[in-house]
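**Q** Protein chains in written order, with the working numbering: chain A, 1 to 353; chain B, 1001 to 1235. The C-beta atom is built at its ideal place from N, Cα and C for all residues, glycine as well. Mind looking over this structure? Questions follow.
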């Protein structure tokens, strides 16, 4: 093998990820289904890694789900995105860090379109000015929040209280990664590892002690499909996609699934419940489901954050099998306890720093 | 011939998505929707590039353009740099602009999407705003979702959210002046017009079908389009 050639090939699949001063934009899906993940992410960034992360109270959804439900013309979405850029510019930041893969894909697509069609960018600038009076600079760096966790995976690993290792057997946990379609399928060069060998989650898992398993339908869509899930009459498509993945991964006996996109963990979690209700079938070991995690939850788990503060009780497929395998110290009886411990509000800083 | 094709060309996504298709079918091979539905993106692209108004009209009124999940797996694979998913998005936009979407069961669902995610976006600034959206509309969410819905504010407080609060944070209340800007953007860029179109053509269709359609979601037409699947879409 010619090593230089291999390095040159892989250069196409590396991406630049800013190392500080991030402008954070939230995810509609993550906020509704995995709020503890965004809270844990900011805690990791600000308290563990001492990074400057700013969130503007006036930012909104990028329109991603509305856009991919084909409810608005592309110019509407571009102008809402231009407004996000304007708020970032006004706040003095230039490194955009979305919490959502749909948003990340959309920002990437829009910047690419403007590159090829400068007249479209010009039109959007005029529309934004007309509608809001705002002007903007394009982001200097665009990295999904998981890219940033990937960048600092070694620092997180160094502070970790737990490893992704089965405490009984000493073996690494077998982990399935699911990176989400819009992370790299549209613009492979914008994702760590590209579309064929995405490394963003794999890098975290390997660093934190687990073992990634490969399986035939690894890159298959989870089945969101926007209108294919949002309208009840279409949900057969959505569950069929997830089922295809579960059937394909089952022979490899995964201990857990780690996800990148905010929607995928919800589907992979809930469709396991539905398939069990419909067919009495479970895909994990010992008659259990396969626990599904966001990457923020996995980072929080290895750092020793309380599982119920991370929001693992908001999953339909129980996460306890993984907590028990790792040997995480947690209180099973507090799972649905909604009292907030006195230390809790101090630990979660809602104010920008 | 070519009038509808020219309208499609006005959508920058169409220009980006269609160079020249050689009909190899790789898009269909990789497509999750083609595995599930009676669906062939290769055929759609081939029909579109004939520029034949009759064929394009047929597509705009069809079920088939609504099967795509916009995962964009096709974009990665196409050896000619086409993106059938982007062509579908342009077709769906034109179908709604011309009012053809109400001619198909799947197309009629646009009203259900407009009155849920579309409504949440311009009202709250979030595509999803799920307090009160329970397991009657989403039974797949399971018992955990009932627990979350029953304890919404407490659950979100425990998760460190700033639910309906001022300032930054999870599910914060987005200030009214920010929402005014969003609604103005929708007006200036054609988003509101698309919404109005969807309402207008859906009302016509409801009348034609002799179904009741009031505001909101608790009416005969909404419930019909949200739940009906005539079973003819899949293999």
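Inspect the CB distances between the region 89-103 of chain A and the region 115-123 of chain A and report whether three or more fall short of 8 Å.
**A** Segments in contact, no.
**Q** Can you tell me which of the three DSSP states residue 257(A) falls into?
**A** Of the three classes helix, strand and coil, the one that applies to residue 257(A) here is strand, per DSSP.
**Q** For the putative contact between residue 64(A) and residue 106(A), defined by C-beta atoms under 8 Å, what is the C-beta separation to the nearest angstrom?
**A** Indeed they touch by this definition, with Cβ atoms about 5 Å apart.
**Q** Does the region 200-217 of chain A touch the region 1080-1088 of chain B, meaning 3 or more C-beta pairs lie closer than 8 Å?
**A** Not touching, per the Cβ criterion.
**Q** Closest to residue 298(A) by C-alpha separation, out of 209(A), 183(A) and 89(A), would be which residue?
**A** Of 209(A), 183(A) and 89(A), the residue nearest in Cα terms is 209(A).
**Q** Taking only the alpha-carbon atoms, compute the straight-line gap between residue 1122(B) and residue 268(A) and give it to the nearest angstrom.
**A** Each residue's alpha carbon lies about 29 Å from the other.
**Q** Starting from the C-beta of residue 370(A), find all residues in its chain whose C-beta is less than 6 Å away, skip the five residues before and the five after it, and write them out in chain order.
**A** Given that chain A is displayed from residue 1 to residue 353, the structure contains no residue 370(A) and the question cannot be resolved.
**Q** Beta-carbon of residue 272(A) versus every beta-carbon of chain B: anything under 7 Å?
**A** So no, residue 272(A) is outside the interface.
**Q** Taking 7 Å as the CB-CB limit, is residue 289(A) close to chain B?
**A** No, its Cβ sits nowhere closer than 7 Å to a Cβ of chain B.
**Q** Output the boundary residues of the beta strand (DSSP E) element that contains residue 167(A).
**A** No beta strand (DSSP E) contains residue 167(A), which DSSP labels as neither H nor E.
**Q** Report the start-end ranges of each alpha helix (DSSP H) in the region 85-153 of chain A that is 4 residues or longer and not cut off at the edges.
**A** Listed in chain order, they are 101-116, 118-132 and 145-151.
**Q** Can you give the Cα-Cα distance for residue 1015(B) and residue 1106(B), rounded to whole angstroms?
**A** Approximately 25 Å between the Cα atoms of the pair.
**Q** Any idea if residue 1235(B) is buried or exposed, counting beta-carbon neighbours within 10 angstroms, 16 or more meaning buried?
**A** Exposed, by the Cβ-count rule.
**Q** Which bits of chain A does residue 1189(B) rub up against, with CB to CB less than 7 Å?
**A** 73, 75, 76, 79 and 127, listed in chain order.
**Q** Taking all protein chains shown into account, do 16 or more other C-beta atoms lie within 10 angstroms of the C-beta of residue 3(A), making it buried, or fewer, making it exposed?
**A** Counting Cβ neighbours within 10 Å, residue 3(A) comes out exposed, since fewer than 16 surround it.
**Q** If you follow the beta strand (DSSP E) that residue 293(A) is part of, which residue opens it and which one closes it?
**A** Segment 292-294, the beta strand (DSSP E) holding residue 293(A).
**Q** Find the nearest neighbour of residue 73(A) within the set 1008(B), 1003(B), 1201(B) and 1143(B), judged by alpha-carbon distance.
**A** Of 1008(B), 1003(B), 1201(B) and 1143(B), the residue nearest in Cα terms is 1008(B).
**Q** Contact between the region 133-149 of chain A and the region 11-30 of chain A: three or more CB pairs below 8 Å?
**A** Yes: the two stretches touch, three or more of their Cβ pairs being nearer than 8 Å.
**Q** Judging by CA-CA distance, which residue of 1231(B), 1232(B) and 1203(B) is the nearest neighbour of residue 1220(B)?
**A** Closest option to residue 1220(B), Cα to Cα, is 1203(B).
**Q** Check whether chain A comes within 7 Å of residue 1039(B), counting only Cβ atoms and requiring the distance to be less than that.
**A** By this cut-off, residue 1039(B) is not an interface position.
**Q** Which same chain residues end up closer than 8 Å to residue 1125(B) when comparing Cβ atoms and leaving out the 5 residues on each side of it in sequence?
**A** If we look at residue 1125(B) and ignore the five residues flanking it on each side, its Cβ neighbours are 1174, 1178, 1179 and 1182.
**Q** So residue 176(A) is in the beta strand (DSSP E); what residue range does that whole segment cover?
**A** Taken as a continuous stretch (DSSP letters only), the beta strand (DSSP E) holding residue 176(A) covers 174-178.
**Q** Give the interface partners of residue 259(A) over in chain B, defined as CB-CB distance under 9 Å, in chain order.
**A** Neighbours of residue 259(A) on chain B: none; closest Cβ ~15 Å, over 9 Å.
**Q** Between the region 32-52 of chain A and the region 120-137 of chain A, are three or more C-beta pairs nearer than 8 Å?
**A** Too few Cβ pairs lie closer than 8 Å, so no.
**Q** Skipping 5 residues on each side, what residues in its chain have a beta carbon closer than 7 Å to that of residue 311(A)?
**A** The residues are 34, 35, 36 and 37.
**Q** Rounded C-beta distance between residue 178(A) and residue 101(A)? I'm assuming under 8 Å.
**A** That pair is no contact at about 11 Å.
**Q** Looking at chain B, is there any beta carbon in it that lies within less than 7 Å of the beta carbon of residue 342(A)?
**A** Note on residue 342(A): pLDDT 46, under 50, position unreliable in the model; the coordinate value appears next. It does not: the Cβ of residue 342(A) has no partner Cβ on chain B nearer than 7 Å.
**Q** Tell me, please, whether the CB atom of residue 1048(B) is closer than 7 Å to any CB atom in chain A?
**A** For residue 1048(B), the answer is no, since every Cβ of chain A falls outside 7 Å of its Cβ.
**Q** Which residues in the same chain have their Cβ closer than 8 Å to the Cβ of residue 186(A), if we skip the five residues on either side of it in sequence?
**A** Here the set comprises 105, 108 and 109.
**Q** Give the interface partners of residue 1159(B) over in chain A, defined as CB-CB distance under 7 Å, in chain order.
**A** Within chain A, the residues near residue 1159(B) are 35, 36, 39 and 311.
**Q** Is residue 1229(B) close to chain A, meaning its C-beta is less than 7 Å from at least one C-beta of that chain?
**A** Answer yes: the Cβ-Cβ gap between residue 1229(B) and chain A drops below 7 Å somewhere.
**Q** By DSSP, does residue 347(A) sit in helix, in strand, or in coil?
**A** Model confidence at residue 347(A) stands at a pLDDT of 49, short of 50, so the residue's coordinates are unreliable and nothing is read from them.
**Q** Could you tell me the distance, in whole angstroms, from the CA atom of residue 151(A) to the CA atom of residue 159(A)?
**A** Cα-Cα distance, rounded: 15 Å.
**Q** Which residues, in order along the region 238-267 of chain A, keep a beta-carbon less than 8 Å from a beta-carbon of chain B?
**A** So the close ones are 239, 240, 241 and 244.
**Q** Is the CB-CB distance between residue 1110(B) and residue 1217(B) below 7 Å?
**A** For residue 1110(B) and residue 1217(B), no; Cβs fall outside 7 Å.
**Q** By alpha-carbon positions, which one of 254(A), 270(A), 275(A) and 190(A) ends up nearest to residue 322(A)?
**A** Considering only alpha carbons, the answer is 254(A).
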